[in-house]
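Single-structure report; data block below.
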Amino acid sequence: MERRIEELQVRLGYRFSGLDYLKQALTHSSYSNELGVPRHHLLCNERLEFLGDAVLSVITSDYLYRNFPDCPEGVLTRIRAELVCERALAGYAEQVGLGGCLLLGKGENQTGGAKKPAILADAFEALLAAIYLDADGDVEAVRRVLLPFLTEGIKEQDTSHGYRIDSKSLLQEFIQRDKEQKGQLVYRHVSESGPDHNKTFLVELYLDSNRIGRGEGHSKKDAEQNAAAEALALFGIE
1383 MERRIEELQV RLGYRFSGLD YLKQALTHSS YSNELGVPRH HLLCNERLEF
1433 LGDAVLSVIT SDYLYRNFPD CPEGVLTRIR AELVCERALA GYAEQVGLGG
1483 CLLLGKGENQ TGGAKKPAIL ADAFEALLAA IYLDADGDVE AVRRVLLPFL
1533 TEGIKEQDTS HGYRIDSKSL LQEFIQRDKE QKGQLVYRHV SESGPDHNKT
1583 FLVELYLDSN RIGRGEGHSK KDAEQNAAAE ALALFGIE
């Protein structure tokens, strides 16, 4: 179990200062119930799931609000619903191998509880709460873990919803948040070509003196967005 916990932390990109919260997040109620102790609910992940649901909602809502400035409230609500639904959360859990780390009761083990979407989704929410508490309420610590799942989920929805990620805003947020990537972002318009009715613009993006992206588009705005998207890919964000 210790080896699995170590591997889970590596996959998450987050190392817990203590393992109490993490172990509680991995403990299903069926397991704690079998211990036969009073107030067994305090040993399982149900309370952490409650907190994790709130943290997940705040981070997801903030992300969508900042990166889709042209989307109305109704569209944002639909996008968020798809990003935090049971199916999506179970998928996030599977990506980090959460099922193999869960402590389940004998009955749940026998019926494949480690693969049940409801159990995986609840455990993922509990995991977010565990990170939040371990980091002394630092939402940014949770955001760094959650953001890759959200951006990937957005990419899967792009074609069906007809909206586009605001790569410039997302990149700016990343640069401001990541202590190792502090610097000034500068978009340089390199050239434009083609007839007036169908011009192509070329933009290069620099972080201080380092070129981190290059993009083309039929408007300067599109070229800048494409340059930012390339930079995000360079940093492994999108």
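With the numbering used here applied, the sequence shown covers 1383 to 1620. Just so it is clear, CB atoms sit at the ideal spot from N, CA and C, and this is done for glycine as well. If you're wondering where the values come from, they're calculated on a predicted model, not measured in any experiment.
In this structure, residue 1600 lies away from residue 1585, with their beta-carbon atoms at least 8 angstroms apart.
Residue 1507 is a Cβ neighbour of residue 1438, given a cutoff of 8 angstroms.
In the displayed model, residue 1493 falls within coil according to three-state DSSP, outside both helix and strand. Rounded to whole angstroms, the Cβ separation of residue 1462 and residue 1551 is 17 angstroms, and the two are not in contact under 8 angstroms. Taking a cut-off of 8 angstroms for Cβ pairs, the stretch 1402-1422 and the stretch 1524-1533 do not touch, as fewer than three such pairs fall below it.
Residue pairing for residue 1446: DSSP places it in no beta bridge.
With a threshold of 16 other beta carbon atoms within 10 Å, residue 1512 meets it and is buried. Within its own chain, no residue has a Cβ closer than 8 angstroms to the Cβ of residue 1459 once the five positions on either side in sequence are excluded.
Rounded to whole angstroms, the gap between the alpha carbons of residue 1434 and residue 1558 is 25 angstroms. Distance from the Cα of residue 1393 is smallest, within the candidate group 1477, 1556, 1442, 1432, for 1477. In terms of CA proximity to residue 1587, 1616 leads the group 1483, 1457, 1384, 1616. Taking a C-beta distance under 8 angstroms as the contact criterion, residue 1611 and residue 1594 do not qualify as a contact pair. Nearest Cα to residue 1395 within the set 1531, 1500, 1412: 1531.
In this structure, the alpha-carbon of residue 1574 lies about 9 angstroms from that of residue 1602.
Inside the stretch 1495-1580, DSSP marks whole beta strand (DSSP E) runs of 3 or more residues at positions 1567-1575, from first to last along the chain. Going by beta carbons, residue 1464 and residue 1503 fall outside the 8 angstroms limit.
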